[in-house]
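Student: To start, I am sharing the structure in question, which I have written as structure tokens.
Protein chains: 2
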Amino acid sequence: MKILVTGCAGFIGSNLVDRLLISGHEVIGLDNFSTGRQKFIDNALKFTKFQFINCDLLSAESIGKYFDSVDVVFHFSANADVRFGTLNPKKDLEQNTIVTFNVLEAMRKSGVKKILFSSTGSVYGEAAVIPTPENCPFPIQTSLYGASKIACEGLISSYCEGYGINASIFRFVSILGERYTHGHVFDFVRQLRENPNSLNILGNGKQRKSYLYVQDCVDAVLLALLSQNEGVNIFNLGVDDFCEVNHSVAWICEEMNVSPSLHYSGGDRGWIGDNPFIFLDTKRIQQLGWTPKLSIKEGVIRTVQFLQNNDWVFSEETLN
Amino acid sequence: MKILVTGCAGFIGSNLVDRLLISGHEVIGLDNFSTGRQKFIDNALKFTKFQFINCDLLSAESIGKYFDSVDVVFHFSANADVRFGTLNPKKDLEQNTIVTFNVLEAMRKSGVKKILFSSTGSVYGEAAVIPTPENCPFPIQTSLYGASKIACEGLISSYCEGYGINASIFRFVSILGERYTHGHVFDFVRQLRENPNSLNILGNGKQRKSYLYVQDCVDAVLLALLSQNEGVNIFNLGVDDFCEVNHSVAWICEEMNVSPSLHYSGGDRGWIGDNPFIFLDTKRIQQLGWTPKLSIKEGVIRTVQFLQNNDWVFSEETLN
Chain P
1 MKILVTGCAG
11 FIGSNLVDRL
21 LISGHEVIGL
31 DNFSTGRQKF
41 IDNALKFTKF
51 QFINCDLLSA
61 ESIGKYFDSV
71 DVVFHFSANA
81 DVRFGTLNPK
91 KDLEQNTIVT
101 FNVLEAMRKS
111 GVKKILFSST
121 GSVYGEAAVI
131 PTPENCPFPI
141 QTSLYGASKI
151 ACEGLISSYC
161 EGYGINASIF
171 RFVSILGERY
181 THGHVFDFVR
191 QLRENPNSLN
201 ILGNGKQRKS
211 YLYVQDCVDA
221 VLLALLSQNE
231 GVNIFNLGVD
241 DFCEVNHSVA
251 WICEEMNVSP
261 SLHYSGGDRG
271 WIGDNPFIFL
281 DTKRIQQLGW
291 TPKLSIKEGV
301 IRTVQFLQNN
311 DWVFSEETLN
Chain Z
1 MKILVTGCAG
11 FIGSNLVDRL
21 LISGHEVIGL
31 DNFSTGRQKF
41 IDNALKFTKF
51 QFINCDLLSA
61 ESIGKYFDSV
71 DVVFHFSANA
81 DVRFGTLNPK
91 KDLEQNTIVT
101 FNVLEAMRKS
111 GVKKILFSST
121 GSVYGEAAVI
131 PTPENCPFPI
141 QTSLYGASKI
151 ACEGLISSYC
161 EGYGINASIF
171 RFVSILGERY
181 THGHVFDFVR
191 QLRENPNSLN
201 ILGNGKQRKS
211 YLYVQDCVDA
221 VLLALLSQNE
231 GVNIFNLGVD
241 DFCEVNHSVA
251 WICEEMNVSP
261 SLHYSGGDRG
271 WIGDNPFIFL
281 DTKRIQQLGW
291 TPKLSIKEGV
301 IRTVQFLQNN
311 DWVFSEETLN
């Protein structure tokens with residue numbers, strides 16, 4: 001297949017591209033390195049079947065030509081950080097909602113009929129049902145990030161209905177693993193590299209979160225690529241478990257062999273719009289035969305190892 | 001109170017403005033007559049407490065100044081026609097999603113802390129539960145219009161969480177009554193004025209829909225204005241009933257004293273993304289003491305009477 005991947009130099013996108021290339025697909029990767037990294041596509045660039053395009057997906061006019069004769073679009077570019085939404089509310093609107101509209105318009109004009117999309121468990125806000133299934137009670141958005149992703153989901157679903165497109169939409173918990181460059185493990189490792197004796201933790205550390213290892217995530221996405229060929233298919237992706245932020249802190253400290261004093265900012269939320277309990281019901285994707293291979297703890301440890309072995313990621317701008 | 005109303009020359013917005021002025025409020029009305037009508041604000045312009053601003057809400061830079069010292073925003077401007085979304089998908093994105101973002105940004109920058117918003121029952125797509133309550137299972141969007149309104153709802157909710165704003169969000173069924181200028185009653189009356197012997201009906205006429213009279217709608221909105229002062233409050237608005245399109249056709253023909261032959265386009269949907277059964281559970285707003293005064297039939301008849309007495313509405317561009 002000829003596959004177009006947006007956000008091909010990002011954390012999940014670049015891992016996905018590597019797997020698609022190994023499977024023999026022709027891949028066109030789009031990225032502008034706003035959060036992606038050049039080094040994350042070094043491997044992909046060794047494949048003749050990989051074509052990289054440096055472009056800004058906000059520029060609707062300039063991207064259309066890359067969608068010609070494409071069979072499938074993986075739309076994985078995003079402003080993926082839920083935490084800083086209120087500092088720059090326009091960013092989620094532009095990078096998520098409007099970019100997704102531009103991608104859908106490019107697909108419509110080129111006749112591309114299949115899209116796979118990285119949404120988020122953040123669309124559940126503070127869920128009324130935990131573990132949260134895909135058809136839980138209609139949630140109220142609490143973050144600009146979640147709001148922008150639900151806007152994307154709505155656009156994709158209505159394009160499916162209106163123009164005969166087929167979509168798989170993945171509502172992720174936080175993803176961990178190689179090429180992870182933002183989020184709590186990143187923040188903690190960075191702090192502990194600078195000062196192994198002290199660690200600042202947002203909230204009271206008792207926030208309960210779920211995580212998934214990136215290769216398990218990619219397994220699920222590729223399974224949906226092959227098995228979901230009609231209509232709109234929505235899948236939660238996560239492990240059947242959750243941990244407290246405090247557990248994650250303990251695993252990170254053990255792996256880094258440090259014993260810092262812990263300083264909590266207090267409260268049951270790390271930031272405005274933070275969800276103190278994220279745990280998704282993943283029966284629907286499991287019924288397709290998928291099951292994650294790594295536990296949350298194993299995912300955290302692999303992430304710490306990646307960060308320790310790739311300290312260049314700390315020397316570049318990462319939180320934009 | 002000093003109240004800003006977007007879409008002040010529109011169907012619902014102009015009826016709302018008249019009621020606000022009668023109640024003694026100071027009203028700033030914004031409209032660009034893209035779907036609103038000059039004649040709909042003729043009455044409002046007689047009030048010294050009414051200020052009309054002709055402006056385009058897509059122009060974020062130019063609207064901010066009107067929000068200074070405003071107490072409440074009624075954001076009622078919209079591209080309100082669900083039917084033509086696939087002909088121009090950018091319109092719902094711009095006129096609904098991006099305009100709502102611009103309104104919220106203007107509120108944030110001016111410190112306005114209260115918004116009332118006209119959403120739609122279309123956000124339920126093809127609802128799994130009927131009558132559909134506000135917390136029904138997480139729906140999948142089937143129309144670009146519904147998708148844009150759920151994007152607006154998400155933006156508003158996350159602004160409430162992020163910036164301490166208070167919102168009431170109304171998910172309407174179709175609204176009928178004086179100043180109604182688009183939708184099936186409008187289409188049918190126009191056809192029958194041109195040729196009383198023949199009527200073309202989209203679908204098989206068995207689509208089941210619910211409607212609400214505009215003054216009943218405004219009653220509910222004003223009740224929420226006074227009673228809902230914290231957080232995000234979502235209300236379905238509709239009558240406790242539904243009718244078939246065929247029933248509506250019979251009432252219209254009786255009121256117009258015509259007996260046309262009926263020509264159905266066929267199928268259980270009038271257009272792509274049409275919902276063959278809309279019926280909302282309105283217990284939540286009824287618990288505040290609201291109840292609609294007019295039945296669907298009475299609303300249809302009043303609408304026909306308005307259209308017959310105001311035939312100028314047919315002589316202007318109406319379907320933009």
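Protein chains in written order, with my numbering: chain P, 1 to 320; chain Z, 1 to 320.
Virtual Cβ for every residue (Gly too), placed ideally from N, Cα, C.
All figures in this text were calculated on a predicted structure; none of them were measured in a lab.
The beta strand (DSSP E) with residue 62 of chain P in it runs from where to where?
Tutor: Looking at the DSSP string, residue 62 of chain P is not in any beta strand (DSSP E); the run it does join, the alpha helix (DSSP H), is 60-63.
Student: Terminal residues of the continuous beta strand (DSSP E) containing residue 236 of chain Z?
Tutor: First-last of the beta strand (DSSP E) with residue 236 of chain Z: 232-237.
Student: May I have the straight-line CA-CA distance separating residue 220 of chain Z from residue 68 of chain Z, to the nearest angstrom?
Tutor: In a straight line, the C-alpha of residue 220 of chain Z is about 27 Å away from that of residue 68 of chain Z.
Student: Give the secondary structure of residue 320 of chain Z by DSSP, where H, G and I count as helix, E and B as strand, and everything else as coil.
Tutor: With a pLDDT of only 40 at residue 320 of chain Z, under 50, the local geometry of the prediction cannot be trusted, and no value is derived from it.
Student: Mind reading off the beta-carbon distance from residue 269 of chain P to residue 276 of chain P? Whole number of angstroms is fine, and I expect it under 8 Å.
Tutor: That pair is a contact at about 6 Å.
Student: At the 8 Å Cβ level, is residue 291 of chain P part of the contact set with chain Z, yes or no?
Tutor: Not closer than 8 Å to any Cβ of chain Z, the Cβ of residue 291 of chain P fails to qualify, so no.
Student: What does residue 121 of chain P reach in chain Z if we use C-beta pairs closer than 7 Å?
Tutor: Those do not exist, as residue 121 of chain P stays about 12 Å from chain Z at its closest Cβ, beyond 7 Å.
Student: Does DSSP classify residue 313 of chain Z as helix, strand or coil?
Tutor: If DSSP states are grouped into helix, strand and coil, residue 313 of chain Z belongs with the helices.
Student: Strictly under 8 Å for the Cβ-Cβ distance: is residue 141 of chain P near chain Z by that measure?
Tutor: Residue 141 of chain P counts as touching chain Z.
Student: Put residue 5 of chain P into one of helix, strand or coil per three-state DSSP.
Tutor: Looking at residue 5 of chain P - three-state DSSP - the assignment turns out to be strand.
Student: So that I know if they touch, is there some Cβ in chain Z lying closer than 8 Å to that of residue 320 of chain P?
Tutor: Confidence in residue 320 of chain P is poor, its pLDDT being 39 and thus under 50, which makes the residue's placement unreliable; the coordinate value appears in the next sentence. Closer than 8 Å: no.
Student: Do you know offhand how far residue 14 of chain Z's Cα is from residue 41 of chain Z's?
Tutor: Distance between the alpha carbons of residue 14 of chain Z and residue 41 of chain Z: 6 Å.
Student: Since residue 51 of chain P sits in a beta bridge, which residues does DSSP pair it with?
Tutor: Its beta-bridge partners are P/28.
Student: For residue 146 of chain P, return the contacting residues in chain Z, with the cut-off set at a CB-CB distance below 8 Å.
Tutor: Those are 154, 158, listed as they occur along chain Z.
Student: Can you tell which of P/36, P/90, P/92, P/106 has the C-alpha that lies nearest to the C-alpha of residue 59 of chain P?
Tutor: Closest by alpha carbon: P/106.
Student: Anyone know if the C-beta pair for residue 209 of chain Z and residue 243 of chain Z falls short of 8 Å?
Tutor: Contact: yes.
Student: Assess, as a yes-or-no matter, whether the stretch 165-173 of chain P is touched by the stretch 225-236 of chain P under the definition of 3 or more beta carbon pairs within less than 8 Å.
Tutor: Yes, they touch.
Student: Exposed or buried, residue 320 of chain Z, counting other C-beta atoms within 10 Å across all chains shown (16 or more means buried)?
Tutor: Residue confidence for residue 320 of chain Z is low, a pLDDT of 40 falling below 50, so the modelled location carries little weight and cannot support an answer.
Student: CA-CA distance, residue 318 of chain Z and residue 53 of chain Z?
Tutor: Confidence at residue 318 of chain Z is low in this model, with a pLDDT of 48, below 50, so the placement of that residue should be treated as unreliable; the coordinate-derived value is given next. The alpha-carbon atoms of residue 318 of chain Z and residue 53 of chain Z are separated by roughly 21 Å.
Student: Is residue 75 of chain P helix, strand or coil when you go by DSSP?
Tutor: Of the three classes helix, strand and coil, the one that applies to residue 75 of chain P here is strand, per DSSP.
Student: Determine, for residue 105 of chain Z, whether the minimum Cβ-Cβ distance to residues of chain P falls below 8 Å.
Tutor: Chain P, which has a Cβ nearer than 8 Å to the Cβ of residue 105 of chain Z, makes this yes.
Student: Using a Cβ-Cβ cutoff of less than 8 Å, which residues in the same chain neighbour residue 295 of chain P once the five nearest sequence positions on both sides are dropped?
Tutor: Closer than 8 Å at the Cβ level, and outside the excluded window around residue 295 of chain P, lie 239, 241.
Student: Check the DSSP bridge columns for residue 212 of chain Z and list the partner residues they point to.
Tutor: Note: residue 212 of chain Z sits in a beta bridge opposite Z/175.
Student: Is residue 243 of chain P near the ligand ADP, in the sense that its beta carbon is under 7 Å from a heavy atom of that ligand?
Tutor: For the ligand ADP, the structure offers nothing, since it holds no ligand at all.
Student: Would you mind working out which of Z/228, Z/204, Z/205, Z/75 sits nearest residue 287 of chain Z, comparing C-alpha positions?
Tutor: Residue Z/228 is the option with its Cα nearest to residue 287 of chain Z.
Student: Would you check if the distance between the CB atom of residue 79 of chain P and the CB atom of residue 90 of chain P is smaller than 8 Å?
Tutor: No. Outside cutoff.
Student: For chain P, is any of its Cβ atoms less than 8 Å away from the one on residue 6 of chain Z?
Tutor: Judged by the 8 Å Cβ criterion, residue 6 of chain Z is not in contact with chain P.
Student: For chain Z, check one thing: does any of its Cβ atoms lie closer than 8 Å to the Cβ of residue 89 of chain P?
Tutor: Yes, because at least one Cβ of chain Z sits closer than 8 Å to the Cβ of residue 89 of chain P.
Student: With 8 Å set as the bound, which would you pick, yes or no: does the beta-carbon of residue 93 of chain P sit closer than that to a beta-carbon of chain Z?
Tutor: Cβ-Cβ to chain Z under 8 Å: yes for residue 93 of chain P.
Student: Is the number of C-beta pairs between the stretch 152-164 of chain P and the stretch 143-150 of chain Z that are closer than 8 Å three or more?
Tutor: Because the criterion of three Cβ pairs below 8 Å is met, the stretch 152-164 of chain P and the stretch 143-150 of chain Z touch.
Student: Can you tell me whether DSSP reads residue 202 of chain Z as helix, strand or coil?
Tutor: Coil at residue 202 of chain Z, not helix or strand.
Student: Does the count of Cβ pairs from the stretch 246-265 of chain Z and the stretch 303-315 of chain Z closer than 8 Å reach three?
Tutor: The stretch 246-265 of chain Z is in contact with the stretch 303-315 of chain Z.
Student: Please list, in chain order, the residues of the stretch 222-244 of chain P that have any C-beta partner in chain Z closer than 8 Å.
Tutor: For the stretch 222-244 of chain P, which is checked against every Cβ of chain Z, the residues closer than 8 Å are 232, 234.
Student: Chain Z partners of residue 134 of chain P, CB-CB under 8 Å?
Tutor: Within chain Z, the residues near residue 134 of chain P are 138.
Student: Using 8 Å for Cβ pairs, my map puts residue 123 of chain Z next to residue 153 of chain Z. What's the rounded Cβ distance?
Tutor: About 7 Å separates the two Cβ atoms, so the contact holds.
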